[in-house]
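In the UniProt record's numbering, the protein residues as written are 1 to 280. By construction, the Cβ of each residue, glycine as well, lies at the ideal position given by its N, Cα and C atoms. One structure below.
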């Protein structure tokens, strides 16, 4: 039986091991009201496969490449490093950033990224979803970008995080050597694990009193499903990742040409639902 696109963590949740008792519905949406859904997409993010393979032959520096339902690949079956730009860059401008195939947004189904990862969890919990609908342990020691890059600056394409990052600043990944895929994911994880300050919490509540419930609900489920000691997690209080609610699932990175500069955008979404239609 084919696997579903979205990996369900098999960890059993037990609510009697130090999990904070926060009054909340058993399973709410937990997302901020500013995050619209994409109602035209299947809730499972896995549309029916067409009777014929969707291929498009393109000319690349790596030889002939095929754009398949589950992302780009070369004729020999190896994954293709690609720029993944969206929206398209102006004609005649070369793309200086080629992302690892693990890290891109799936161009054919943005709801089904090659790398399935809950950003509230450590990078080593991520799984790779292949074109054969199999889950594999990803090789995160691969280089994140094909070029000799020692610094990556990441912004958010998800409105639920982008507004906060205007205050926090972008995510930066630096390395004296090649930046690996794990380095990028670890930087995202550490950035979102920073505690939410009292000032930030109060400001969010002033904007919408319901944010208090949403943040605590998100923290409740994060601690309840965490592999860390619950009492330790609870003592650390609210974290940046809790402002995301359910919109904490990695959808991939994409380089974007914006106002004369290149930026790497991180897309997030809820399970099976994009945070918003791809655009910038």
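Write down every uninterrupted run of the beta strand (DSSP E) in the stretch 108 to 156 whose length is 3 residues or greater and which is fully enclosed by it, in chain order.
127 to 129 and 151 to 156
Simplified DSSP assignment, three categories, for residue 270
strand
Pick from 247, 99, 152 and 251: whose alpha carbon is nearest that of residue 108?
251
Counting only the same chain and skipping the five closest in sequence on each side, list residues whose C-beta sits under 8 Å from that of residue 143.
100, 178, 179, 180 and 181
Extent of the continuous beta strand (DSSP E) to which residue 171 belongs:
171 to 174
Could you check where the alpha helix (DSSP H) with residue 205 kicks off and where it finishes?
198 to 207
With a threshold of 16 other CB atoms inside 10 Å of the CB of residue 135, please say whether the residue is buried or exposed.
exposed
Would you mind sorting residue 232 into buried or exposed? The rule is 16 or more other CB atoms within 10 Å of its CB.
exposed
State buried or exposed for residue 270, treating a residue as buried only when at least 16 other CB atoms are found within 10 Å of its CB.
buried
Report buried or exposed for residue 97, applying the criterion of at least 16 other Cβ atoms within 10 angstroms of its Cβ.
buried
Between residue 305 and residue 207, is the Cβ-Cβ spacing less than 9 Å?
There is simply no residue 305 to check, as the chain begins at 1 and stops at 280 in what is shown.
Pair within 9 Å by beta-carbon distance, residue 117 and residue 161:
no
Looking only at C-alpha atoms, which of 127, 190, 122 and 262 sits nearest to residue 227?
122
My understanding is that residue 159 touches residue 241, with C-beta atoms under 8 Å, so please give their C-beta distance in whole angstroms.
In fact, because the Cβ distance is near 16 Å, the residues do not count as touching under 8 Å.
Which of the three DSSP states, helix, strand or coil, is assigned to residue 105?
coil
Alpha carbon to alpha carbon, what distance is there between residue 205 and residue 127?
35 Å
Identify the residues that DSSP records as bridge partners of residue 264: which are they?
154 and 255
Mapping DSSP to helix, strand and coil, what is residue 238?
coil
Which one of 199, 145 and 234 has the shortest CA to CA distance from residue 168?
199
Tell me residue 180's beta-bridge partners as DSSP assigns them.
143
Tell me whether residue 220 sits in a helix, a strand or coil according to DSSP, three-state version.
helix
Residue 161 - containing alpha helix (DSSP H), residue span:
159 to 168
Starting from the Cα of residue 124, find the closest Cα among 112, 140 and 213 and give me that residue.
140
Using CA atoms only, rank isn't needed, just tell me which of 155, 173 and 176 is closest to residue 166.
155
Consult DSSP for residue 249 and reduce its assignment to one of helix, strand or coil.
strand
Across which residues does DSSP place residue 192 in a beta bridge pair?
Beta-bridge pairing links residue 192 to no other residue.
If you compare alpha carbons, which of 264, 234 and 110 is closest to residue 188?
264
Taking Cβ positions, are residue 245 and residue 217 nearer each other than 9 Å?
yes
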